[in-house]
Structure formats: C-alpha cells, structure tokens
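Here is the structure we will look at.
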Amino acid sequence: MDDLYAVADFCLIPMGTAEPSVAHYIAECQRVLEKSGLQFKMHGYGTNLEGPWSQVSKAIHDCHAAVHAQGAPRIATDIRIGTRTDREIASGTGNEGKVKRVEEILAMDIK
C-alpha cells in the first residue's frame with residue numbers, strides 16, 4: 048500500500064526552559080515546517096499539518112530536533128492523526144475540506 052495521506056494536528060510543548068514564553072521555539076518549528084514542503088497552518092495551541100504519513104512524522108521529528116538545538120532540554124508533543132481510505136483527498140486539502148464541510152452545514156442553519 049502507498050504511504051497513507053495523514054491529516055494531523057500537533058502541539059509541541061518545550062519544557063524546562065528559562066522563560067515561560069516558548070514563542071521563539073515555536074517559530075523555529077514553523078521554519079522547519081516551511082522547509083518541509085507540506086501543507087500546514089499554525090493556530091493558537093498547535094499546528095495542522097498534512098501530507099504523506101512518513102513526511103508528516105519526519106516533519107514533527109525535525110521540529111523536535113530543531114527545538115532541542117535551540118536549547119529546550121525536554122519536549123512533550125500531543126499528536127492527533129487521521130487517515131481515510133474511503134475517498135481520495137487531494138494533497139493539501141484535508142484540513143481545509145473538514146472545516147469547509149462543517150461551514151456548509153452551519154450555513155444551512157441560516158436559511
């Protein structure tokens with residue numbers, strides 16, 4: 048079977064840092080994701096990421112490596128990953144499609 052297309056949401060949490068703010072660590076992770084070529088979107092408590100499973104997991108691994116290199120001694124990451132085989136998902140449209148479908152249903156409430 049080909050690599051599964053993964054739609055993921057992850058929250059990388061640097062721990063043991065000198066400052067309570069972790070924004071510069073998260074910025075470094077976003078730089079890693081930019082280089083990955085995958086579709087991603089940061090939100091207030093994490094990042095949506097999608098693409099082939101192996102590339103998604105490698106990108107999260109690379110975020111860990113980069114944030115450790117920035118001086119974070121520990122990192123905890125929560126990850127949710129969804130896959131489906133009942134229909135084709137065009138690359139880069141997994142998260143967007145989920146949101147759009149819910150918005151369509153909510154729009155029917157207005158009529």
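To convert a position in the sequence shown, counted from 1, into the numbering used here, add 47. For glycine and all other residues, C-beta sits at the position ideal for the given N, C-alpha and C. Computed from a predicted structure; not experimentally measured.
Which residue or residues does DSSP assign as beta-bridge partners of residue i?
i, result
"ALA55", "LEU96, ILE128"
"ALA67", "Correcting the residue identity first, residue 67 is Pro in this sequence and not Ala. The partner list for PRO67 (beta bridge, DSSP) is empty, contrary to what the question assumes."
"ALA123", "ILE60"
Give me, in chain order, the residues of the same chain whose beta-carbon lies closer than 6 Å to that of residue i; leave out the 5 immediate sequence neighbours on both sides.
i, result
"ASP56", "GLY93, ASN95, ARG127"
"ALA53", "TRP100, VAL103, ILE128, THR130"
"GLN86", "GLU97, GLY139"
"ARG121", "MET62, GLY63"
"TYR72", "PRO61, VAL114, GLN117, ALA119"
"VAL69", "PRO61"
"HIS111", "ILE122"
State buried or exposed for residue i, treating a residue as buried only when at least 16 other CB atoms are found within 10 Å of its CB.
i, result
"LYS150", "Just to set this straight, residue 150 is Glu in the shown sequence, not Lys. Exposed, since its Cβ has fewer than 16 Cβ neighbours within 10 Å."
"LEU153", "exposed"
"ILE157", "exposed"
"GLY141", "buried"
"ALA106", "buried"
What residues in its chain sit with their C-beta under 8 Å from that of residue i, if we drop five residues either side in the sequence?
i, result
"LYS145", "VAL54"
Give every residue of the same chain whose Cβ lies closer than 7 Å to the Cβ of residue i, excluding the five residues on either side of it in the sequence, and list them in chain order.
i, result
"GLN77", "MET89"
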